[in-house]
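Using the numbering used here, count along the sequence shown one by one with no gaps and you end on 848. Backbone N, C-alpha and C fix where the C-beta goes; we use that ideal spot for every residue, glycine too. Data first, discussion second: the structure below is written as structure tokens.
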Amino acid sequence: MRSVRPTRRDLCFLVFLFGFSGAVTAGFSATAMAAQDNDAKPSATLQVTVLDETGVAVPHALLSLEQNQPPRVLKGETDYMGRYDFSGLSPGTCQLRVEKEGYYAVTHRTVQVGETAGVDVTLNHVREYTEVVNVVYSPPAIDPGKTAASDSLDSQQIIDLPFGVARDIRYALPLLPGVLQDAFSQVHIDGSSTRQILDQLDGFNITDPTTGQFNMRVSVDALRSASVESSRYPVEYGKGSGGVVDLSTGMGDDHFRYSATDFVPSIQQKKGLHFNTFTPRGSISGPLRKGKAWFQDAFDGEYDLNIINELPKGADQNPAWRINNLAKAQVNLTSSNILSTEFVVNLFGSDHIGISRFNPQETTVNEKSSSYLVGVRDQALLPGGSLLEIGVAYSTFYDVFHPLGTQTYVINPEGSSGNFYESFQNRASRLQGIANLIFPARYWLGAHEFKVGLDIDRITDNQNADRRPIEILREDGTLSRRITFTGAPPFTRTNFEAGAYAQDRWSVSARWLLEPGVRFDWDSILRDALVSPRVATTYLVTPDGHSKLSAGVGIYYDASNLDILTRSLTGERADYYYDATGTTLVRPPVQTTFQIDPRMLNQSRFLNWSVALEQKLPKAIYLKTQFVQKRGANGWAFVNLGASPFSGSFALRNVRQDHYDALEVTARRTFKGQHVVFASYTRSAARSTAVLNFNIDNPLFSQQAGGPLPWDTPNRVVTWGWLPLVRRFDLAYSADWRDGFPFSLVNQDQQLVGVPGSRRFPTYFSLNMFLERRVHLFGYEWAVRAGFDDITNRHNPFAVDNNVNSPDFLTYSAIQGRALTGRIRLLGRK
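In structure tokens form, the structure reads like this:
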């Protein structure tokens with residue numbers, strides 16, 4: 019068994035950082051302890067325990083304890099178990115305030131220190147609609163306990179802010195700096211590929227086990243928050259060097275609640291009267307047994323009908339439907355034992371995908387796909403004060419598409435004919451087990467919160483593909499190229515992954531937090547023992563907490579991607595090139611094959627470090643400046659073994675090196691009533707020494723080469739807001755301006771022309787703007803919205819003809835222009 023370790027340079031840097039941090043910490047702590055020993059210490063203590071409305075601990079809640087004698091304000095933050103101990107207090111009456119973003123703030127004005135040993139506080143989650151009018155939102159604040167480079171959207175922002183597809187959270191994530199979305203709806207975080215990102219739902223891994231893509235969906239109405247961590251994230255998170263997408267869903271409480279959105283379909287007058295789009299959403303939650311058990315169910319449906327005017331009636335439609343549902347339940351078995359379950363189902367079907375005036379119905383495919391997740395989690399507070407969390411989840415992803423016949427697929431300059439060349443079926447699954455143990459705080463040179471955990475996964479990938487010949491014709495109808503496929507029997511590939519971590523959350527002082535940790539990973543394909551040391555720290559520069567410095571560095575590894583590792587099992591391809599008559603070969607057939615030997619591979623590794631400064635400015639404006647650098651080594655890439663670029667013999671090697679640098683500046687201001695304005699600017703560079711993605715369905719005959727990554731955007735500005743207007747109207751807007759994505763040029767023989775990424779799409783700009791007003795009607799509260807996506811009608815393209823021999827060379831397509839949309843939401847009974 020090989021052991022893959024960080025390079026000597028990486029280890030020296032990390033050892034220096036750990037040693038330096040420890041030495042400085044010891045010095046500061048010794049000085050602080052000596053100073054404390056010289057002071058008289060009042061004996062009173064107070065333990066604050068913060069739970070939510072269903073009895074779940076609320077970590078990292080900010081506490082403020084105000085004493086009158088002597089006058090002073092003490093600050094604190096709850097631990098993983100929702101607890102914090104104030105010590106050295108003077109007996110008497112104090113005022114306690116507890117707040118955390120995403121919750122309503124709570125103030126206890128008469129806390130009798132010295133007479134009570136502890137105070138229990140219940141924080142209620144912020145909701146879109148509440149019957150109570152005197153609730154107080156927790157204002158944004160600089161969180162001294164937040165070490166990771168992360169940004170998030172809360173439930174209110176997910177509902178209020180406009181983005182491309184309002185029912186798909188993947189379209190909301192680009193509202194955050196550093197997050198980009200490609201033409202396939204996949205997200206990229208700080209220069210990373212989609213398969214380098216860990217996607218989580220309530221702590222369970224929902225990344226597609228085969229492709230590494232983010233495909234599982236839940237209703238946006240079910241989400242409490244969607245957060246993205248790009249750097250300095252702790253060792254608890256493995257299997258993703260690019261970052262973490264963490265979705266957290268809600269739970270019912272002791273009140274029945276419901277909502278409904280877009281329950282009126284739209285109609286189109288095109289070759290008759292037809293439905294156009296119907297996208298209903300609904301949710302219901304409440305108690306199964308008050309004070310004991312609760313549930314939540316969130317439904318999301320979709321029906322779309324695309325009609326092509328240029329095609330004959332009866333062969334001109336592309337219908338599509340989708341159903342998503344999340345069902346959750348929580349039972350408090352005892353006051354110290356909480357059991358929760360969840361079940362997610364995604365169903366999708368569409369007929370005649372790809373139909374257009376150039377691709378008639380017989381050339382299209384019918385697709386059906388589904389994904390499921392069932393998870394069970396148990397949290398128990400052990401007698402010694404430790405918190406044990408155990409979870410088991412099973413997820414499965416199924417995708418199948420079939421052509422409408424077996425005729426030869428023919429491509430010509432005017433479009434296509436025949437039947438699509440490929441039928442495909444894939445079923446992938448993941449069985450996941452997690453365990454986390456959090457120990458009560460220990461005190462030595464400050465407070466230590468130790469956390470250890472395990473993550474064990476069994477992944478299975480089943481594929482069955484059948485590819486038939488393709489013929490490519492010239493303008494005059496002669497045969498230019500014929501493509502055949504051989505040797506692709508059905509296959510099954512499995513992988514077993516095991517990970518473990520240990521982490522210390524070290525509160526050196528009230529202003530200094532240090533978070534070192536180490537992670538170990540192993541899988542049954544590469545059989546590498548991977549070690550990932552990481553450390554992050556925060557320091558409050560000013561005593562009032564209005565300025566914070568954060569920094570961190572660590573080693574991050576990716577999960578073994580089965581889509582890449584099974585490419586050698588997808589068969590062989592042969593391309594036959596013909597002369598102008600279409601009868602004589604002009605060169606020997608070009609054979610495309612893929613060679614993979616896992617014994618020759620190491621896992622890709624990234625050294626990721628970052629530093630950030632947060633500052634509260636006048637007028638409650640919060641400014642953050644951050645620099646992130648990623649250096650990847652041993653990355654996987656297919657290299658062309660042929661001496662000539664016109665060769666298709668590809669082998670998987672550890673030859674790829676990735677480089678990402680970014681400077682990011684963000685500003686945010688929150689107003690009364692949760693109205694907010696946000697703006698950010700990012701200057702970045704995402705490059706790699708191997709950017710070409712060779713595959714059997716779309717080969718590129720070239721040697722591997724470096725250049726900008728396909729999602730590289732040197733300059734980007736993002737801004738959004740939710741602002742009050744007159745007469746109970748609110749304005750919601752979002753804007754995104756960035757440099758266009760790079761793309762490469764090819765010729766008619768699928769050879770690379772020039773260097774990779776030599777051209778770019780036009781500069782992208784999108785401004786979405788909506789007006790919303792809440793009204794009381796029929797005894798209910800409603801929210802009515804209308805506005806425009808891409809109000810400037812920018813016509814941003816997502817595809818281009820990059821063939822230099824094509825008569826339509828550099829013609830852009832997949833253009834989306836201005837669209838008028840509306841929304842009606844039923845919020846509840848007034």
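(request) Give me the Cα-Cα distance between Tyr699 and Pro732, rounded to the nearest whole angstrom. (result) 10 Å
(request) Look at the alpha carbon of Pro780 and the alpha carbon of Ala685, and state the distance between them as a whole number of angstroms. (result) 27 Å
(request) Along the alpha helix (DSSP H) that carries Leu583, what are the first and last residues, could you check? (result) Leu580 to Leu583
(request) Figure out for me which residue from Val262, Ala411 and Ala465 has the closest Cα to the Cα of Glu95. (result) Ala465
(message) To the nearest angstrom, how far is the alpha carbon of Ile501 from that of Ser720?
(response) 18 Å
(message) Do Arg778 and Asp808 count as a contact pair if the criterion is CB distance below 8 Å?
(response) no
(request) List the DSSP bridge partners of Gln760. (result) Inspection of the sequence shows that residue 760 is occupied by Pro rather than by Gln. BP columns for Pro760 point to Arg778.
(request) Using only alpha-carbon positions, find the residue among Asn821, Pro551 and Ser441 that is nearest to Asn482. (result) Ser441
(request) Just grab the DSSP bridge partners of Leu69 for me. (result) Ala75 and Thr140
(message) What residue range does the beta strand (DSSP E) around Gln609 cover?
(response) Val608 to Gln613
(message) Looking only at its chain, what residues have a beta carbon closer than 8 Å to the beta carbon of Thr43, apart from the 5 residues adjacent to it on each side?
(response) The predicted position of Thr43 is uncertain, since its pLDDT is 42 and thus under 50; a value taken from the coordinates is nonetheless stated next. For Thr43, where only same-chain residues beyond five positions count, the Cβ hits under 8 Å are Leu463, Gly464, Trp524, Val526, Trp530 and Leu532.
(message) Buried or exposed, going by whether 16 or more other CB atoms sit within 10 Å of the CB of Ile177?
(response) buried
(request) Inspect the beta-carbon positions of Val246 and Ser303 and report whether they are closer than 8 Å. (result) no
(request) Could you tell me which residues DSSP puts in a beta bridge with Tyr640? (result) Lys634 and Arg686
(message) Distance check for Ser776 and Pro728, CA to CA, integer angstroms please.
(response) 11 Å
(message) Looking at Leu64: is its Cβ nearer than 8 Å to the Cβ of Phe104?
(response) yes
(request) For Leu351, I'd like the list of residues in its chain whose CB is within less than 8 Å of its CB, leaving aside the five on either flank, ordered along the chain. (result) Leu357
(message) I need the straight-line Cα distance from Ala50 to Glu119, nearest angstrom please.
(response) With a pLDDT of only 38 at Ala50, under the threshold of 50, the placement of this residue in the model should not be trusted; the figure read from the coordinates follows. Approximately 31 Å, taken between the alpha carbons.
(request) Indicate whether Gly563 and Ile160 have their beta-carbon atoms separated by less than 8 Å. (result) yes
(message) I'd like to check one pair, Ser173 with Arg242: are the Cβ atoms closer than 8 Å?
(response) yes
(message) Determine whether the beta carbon atoms of Glu320 and Arg185 lie at a separation below 8 Å.
(response) yes
(message) Assuming Ala166 and Arg250 are in contact, meaning their beta carbons sit under 8 Å apart, how far apart are those beta carbons, in whole angstroms?
(response) 5 Å
(request) Round the Cβ separation of Leu710 and Gln722 to the nearest angstrom and send it over; I've been treating them as touching at under 8 Å. (result) 6 Å
(request) Please list, in chain order, all residues of the same chain as Gly260 whose beta carbon is under 6 Å from its beta carbon, the five residues on each side excluded. (result) Ile207, Ser210, Gln214 and Ile215
(message) With a threshold of 8 Å on Cβ separation, who are the neighbours of His78 within its own chain once the five nearest residues in sequence on each side are excluded?
(response) Glu95, Thr96, Lys118, Asp161, Gly163 and Lys164
(message) In the DSSP output, what is Gln850 paired with across the bridge?
(response) The structure shown has nothing for residue 850, since the chain only spans 19 to 848.
(message) Per the DSSP calculation, Ala801 is bridged to which residue(s)?
(response) Arg792 and Arg843
(request) Excluding the 5 residues preceding and the 5 following Asp581 in the sequence, name in chain order all residues of the same chain whose CB lies nearer than 6 Å to its CB. (result) Thr228 and Thr229
(message) Rounded to the nearest angstrom, what separates Thr140 and Leu265 at their Cα positions?
(response) 23 Å
(message) If the criterion is Cβ atoms closer than 8 Å, does the pair Ser679 and Gln647 meet it?
(response) The sequence shown places Asp at residue 679, rather than the Ser named in the question. Yes; because the gap between Cβ atoms is below 8 Å, this pair is in contact.
(request) Assign Val793 to buried or exposed, taking buried as 16 or more other Cβ atoms, counted over all protein chains shown, within 10 Å of its Cβ. (result) exposed
(message) Could you give the first and the last residue of the continuous beta strand (DSSP E) run that contains Ser248?
(response) Leu241 to Ser249
(request) State whether the segment 584 to 596 contacts the segment 611 to 621, with contact taken as three or more CB pairs (one from each stretch) at a distance under 8 Å. (result) yes
(request) Using the Cα positions of Gln834 and Phe274, report the straight-line distance between them to the nearest angstrom. (result) 40 Å
(request) Name the residue from Gly600, Phe664, Val683 and Thr602 whose alpha carbon lies nearest to the alpha carbon of Ile639. (result) Val683
(message) Can you tell me which residues form a DSSP beta bridge with Ala483?
(response) Phe442
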